[in-house]
Amino acid sequence: MRYPIAIETGDSRHAYGVVVPDLPGCFSAGDTLDDALTHAQEAILLHLEGLLDEGQPVPEPSDIERLRRKREFRNWTWAVVDVDLSQLGDDAHARRHGETRSGFLARAALDAMRKQAKRA
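All residue numbers for the sequence shown refer to the working numbering, where the first residue is 7 and numbers rise by one.
This is the structure we're talking about:
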């Protein structure tokens, strides 16, 4: 999924600030533009995990052109951050059951192998 982000340009004394308009309360920063983009991706994933943990839906990304026209973002720079949502469901389920993602997946694989062995 590709989320538009608004970037407030940094300088030698200030970090780059990032806001994700489609995810209220989701923001990030970085000392360089590259750091800001990396941190934005991490912030988006954490925000979406929180929504899933609370049983809320994952919002669809807005059209970047519509967002760019908003007055509050008039002098901001825009980018799009691609996030892989395929792991989020596993992570949220594992956390709710006191497991890590890798532990949950390992246990699920063992359970599947045991079921197949019983059928053979």
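No residue lacks a Cβ here, since even glycine has one placed at the ideal position from N, Cα and C.
Reduced DSSP category for residue i - H, G, I as helix; E, B as strand; rest coil
i           : result
residue 38  : coil
residue 88  : strand
residue 126 : coil
residue 8   : strand
residue 83  : strand
residue 14  : strand
residue 23  : strand
Reference residue i; option with closest CA among the options
i           : options         : result
residue 9   : 82, 50, 116, 42 : 50
residue 48  : 58, 62, 57, 32  : 32
residue 174 : 79, 82, 89      : Given a span of 7 to 126 for the chain in the structure shown, any question on residue 174 remains unanswerable.
Nearest-angstrom beta carbon gap, residue j and residue i [assumed within contact, 8 Å]
i          : j          : result
residue 87 : residue 11 : 5 Å
residue 30 : residue 68 : About 12 Å; that fails the 8 Å criterion.
residue 24 : residue 45 : 7 Å
residue 21 : residue 37 : 5 Å
Under 8 Å between C-beta atoms of residue i and residue j
i          : j          : result
residue 84 : residue 77 : no
residue 7  : residue 91 : yes
residue 13 : residue 42 : yes
residue 94 : residue 55 : yes
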